[in-house]
């Protein structure tokens with residue numbers, strides 16, 4: 002059974018792009034530990050019930066559509082942007098310019 | 005009693021056809037019901053203005069259509085063009101849908117009127133409608149209790165006699181559980197029967213849109229207008245016959261075999277009054293001529309664990325798109341990473357954050373094999389076990405919940421305990437099978453009790469016919485919450 006720690010919650014929150022506050026961490030540790038404790042029974046289920054035929058139930062199939070241009074309401078979608086200019090989304094600067102090229 | 009409020013779709017249609025009431029009068033009546041009574045239960049996040057609703061009504065030439073001018077409510081995770089689709093979240097507080105979901109487009113084409121947005125758990129995550137960022141919905145039968153969830157607003161509005169139909173969505177039981185808590189009928193269709201285009205995704209491999217109504221025949225009628233292939237949803241299925249009404253004969257199929265999932269009745273904490281009501285329902289089916297077969301589906305006991313892993317993993321992936329860049333909430337910050345993290349911290353509620361964290365754990369190295377891969381294997385075995393059962397029986401009978409609607413905050417300090425209620429409902433989502441919940445009685449405190457019938461893929465016609473025969477032999481569906489009559 003996996004042990005959930007404060008450090009692992011902080012790490013997973015970073016991966017999830019969610020800022021969590023210090024006082025929230027312990028609650029998440031408890032909640033997540035409870036979920037994973039409960040889910041650890043899955044290993045037993047696999048051992049107990051696996052059959053050689055199981056793989057045939059879900060056969061993935063490709064679903065394609067004609068490769069044709071679809072109408073796209075660009076203007077309408079851009080209107081929803083928190084910040085935009087000339088059909089570009091404006092976000093905080095990612096690469097800082099340092100000196101001249 | 006107010007006859008219009010609890011009238012069936014068929015009755016309303018007859019009144020419109022006979023010109024006893026005009027579409028506008030019916031709509032005004034509906035909007036007044038919300039204005040007068042929804043302050044008690046808060047089923048709707050928004051009711052649209054009359055003129056904008058009527059704009060969508062096709063011309064009177066289509067008045068022969070069974071849904072023409074029939075008002076209904078749409079869960080606020082389903083896009084309605086130019087209307088806000090908030091998912092009951094701060095994240096999408098001002099988001100306006102650029103298009104109609106296929107289900108909404110089909111209903112509008114059939115003449116149905118979508119009058120508003122139903123409250124629900126945030127991003128459809130919850131079993132009580134308590135996680136909505138815009139306030140809780142109350143159960144019309146007892147306003148100190150939850151209506152169930154996540155589609156609680158849809159269920160409450162139908163139960164309270166505001167509208168004869170509402171759309172909900174299910175990932176682990178979000179239609180059937182509120183239907184059972186509110187004494188109405190709720191269907192989770194076969195995965196792929198109804199298009200998900202325009203449904204904000206929670207766990208795409210499990211999500212399915214379904215219908216709430218007060219009677220089985222109304223449910224069959226609305227589904228007839230929703231079902232079928234949609235080019236916009238690659239998981240939607242080609243279906244030949246979607247006329248579910250003609251199959252309602254009032255009788256069960258001769259020799260019908262009903263499988264009773266015994267292990268689902270042996271769960272700890274079963275309310276004795278719920279047990280008794282379920283027993284009575286089974287006796288009623290026997291009277292109708294059904295043969296009862298006891299069986300066990302041991303893998304069902306792992307279904308909640310499978311559901312937690314699969315749904316959270318998919319949720320973490322689906323909800324990654326809400327980052328403040330293209331639409332929805334944005335919290336300003338100096339760097340892009342900080343903007344993402346602050347936006348998602350401010351936009352999502354606690355339950356949504358918790359499920360995203362679980363999902364990203366499930367998918368991360370060191371966890372994926374032990375949890376996600378195992379969950380997917382057990383999911384396949386579970387489906388195989390259900391399909392095997394349908395070699396012996398025609399439909400399966402199962403509780404929806406071991407207890408009636410619970411009080412607000414009953415699970416405030418133990419969210420896992422509430423999530424475990426999914427045990428009864430999530431097998432249908434994990435296996436893709438259809439399931440129909442319907443009323444079968446009340447507790448001594450007059451709280452509704454329901455049961456569910458599950459069937460093989462695309463057996464909606466059989467479920468409706470069986471449920472209809474039961475319903476017509478009982479009086480549960482003719483009882484309405486007193487405060488709204």
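Protein chains in written order, with this note's numbering: chain A, 2 to 102; chain B, 5 to 489.
Even for Gly, the Cβ is constructed at its ideal location relative to N, Cα and C.
Select from the region 420–450 of chain B all residues with a C-beta closer than 9 Å to any C-beta belonging to chain A, and list them in chain order.
Taking 9 Å as the Cβ-Cβ cut-off against chain A, the residues of the region 420–450 of chain B that qualify are 420, 423 and 424.
Would residue 184(B) and residue 445(B) be called neighbours here (beta carbons separated by less than 8 Å)?
No; because the gap between Cβ atoms is not below 8 Å, this pair is not in contact.
Residue 32(B): first and last residue of the uninterrupted alpha helix (DSSP H) it sits in:
27–45
DSSP beta-bridge partners for residue 213(B)?
173(B)
If you follow the beta strand (DSSP E) that residue 453(B) is in, where does it begin and where does it stop?
452–458
Could you say which of 271(B), 373(B) and 474(B) lies nearest to residue 313(B) if we only look at CA atoms?
373(B)
Could you pull the start and end residues of the alpha helix (DSSP H) that residue 229(B) belongs to?
220–230
Using a Cβ-Cβ cut-off of less than 7 Å, list which residues of the region 326–344 of chain B approach chain A; keep chain order.
327, 328, 329, 330, 331, 334, 337, 338, 339, 340, 343 and 344
Give me the Cα-Cα distance between residue 316(B) and residue 101(B), rounded to the nearest whole angstrom.
Looking at the two C-alpha atoms, the distance is approximately 25 Å.
Taking only the alpha-carbon atoms, compute the straight-line gap between residue 460(B) and residue 25(A) and give it to the nearest angstrom.
44 Å
Rounded to whole angstroms, what is the Cα-Cα separation between residue 91(B) and residue 80(B)?
5 Å
By Cβ distance below 6 Å, which residues in the same chain neighbour residue 239(B) in space, the five residues on each side in sequence not counted?
The residues are 196.
Rounded C-alpha distance that separates residue 29(A) from residue 416(B):
14 Å
Is the Cβ-Cβ distance between residue 121(B) and residue 19(A) less than 8 Å?
Judged by beta-carbon spacing, residue 19(A) lies beyond the 8 Å limit of residue 121(B), meaning their Cβ atoms are not closer than that value.
Taking the CB atoms as reference points, tell me whether residue 320(B) and residue 364(B) lie closer together than 8 Å.
yes
Which residues bound the alpha helix (DSSP H) around residue 316(B)?
307–322
Assuming residue 262(B) is part of the alpha helix (DSSP H), what are its boundary residues?
Per DSSP, residue 262(B) belongs to no alpha helix (DSSP H); it is in the beta strand (DSSP E), 261–265.
So, are the CB atoms of residue 91(A) and residue 98(A) less than 8 Å apart?
no
Assumed close pair residue 481(B), residue 443(B) - CB separation to whole angstroms, cut-off 8 Å
6 Å
May I ask you to report which of helix, strand or coil DSSP gives residue 160(B)?
In the three-state reduction of the DSSP assignment, residue 160(B) falls in the helix class.
Using a C-beta to C-beta distance shorter than 9 Å, which residues of chain A count as neighbours of residue 310(B)?
40, 43 and 46
List in chain order: all unbroken beta strand (DSSP E) runs of 3+ residues lying wholly within the region 54–88 of chain A.
Whole beta strand (DSSP E) segments, 3+ residues: zero.
Under 8 Å, Cβ to Cβ, is there at least one residue of chain B near residue 66(A)?
yes
Cα separation between residue 158(B) and residue 40(A)?
31 Å
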